[in-house]
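For reference, the structure is listed below as structure tokens.
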Amino acid sequence: MGINTPHNKVTDLQVGPTTGGMVRIFIQNKDISLPLDFSPEEAITIAEEIIASANLVKSSDK
236 MGINTPHNKV
246 TDLQVGPTTG
256 GMVRIFIQNK
266 DISLPLDFSP
276 EEAITIAEEI
286 IASANLVKSS
296 DK
């Protein structure tokens with residue numbers, strides 16, 4: 236499955252700090268439970284990439 240492959244699986248996404256000083260992105264549905272831990276610097280880079288992608292979509296909707 237690629238980034239543009241549509242699907243209809245209900246999936247929960249949680250983001251928050253861990254007690255170990257990492258930022259966790261936790262993805263879960265009936266088939267998977269996937270914790271992804273990132274350093275604060277990596278998390279900021281990911282956040283910037285998400286914002287940039289959202290801005291690209293917004294600008295292409297005009």
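Residue 236 is where the sequence shown starts when you use the working numbering, and the numbers rise one by one after that. Every residue gets a Cβ at the ideal spot worked out from N, C-alpha and C, and that includes glycine.
Unbroken beta strand (DSSP E) run spanning residue i, endpoints
i	result
Ile262	258–263
Val250	247–252
Nearest-angstrom Cα separation, counted from residue j out to residue i
i	j	result
Asn243	Met236	12 Å
Lys265	Ile238	20 Å
Ser295	Ser288	11 Å
Thr240	Ile279	26 Å
Leu271	Leu291	25 Å
Per-residue burial, residue i [other beta carbons within 10 Å of its own, 16 or more giving buried]
i	result
Val245	exposed
Val258	buried
Opening and closing residue of the alpha helix (DSSP H) in which residue i lies
i	result
Pro275	275–295
Residues that residue i bridges to, as DSSP identifies them
i	result
Asp272	Arg259
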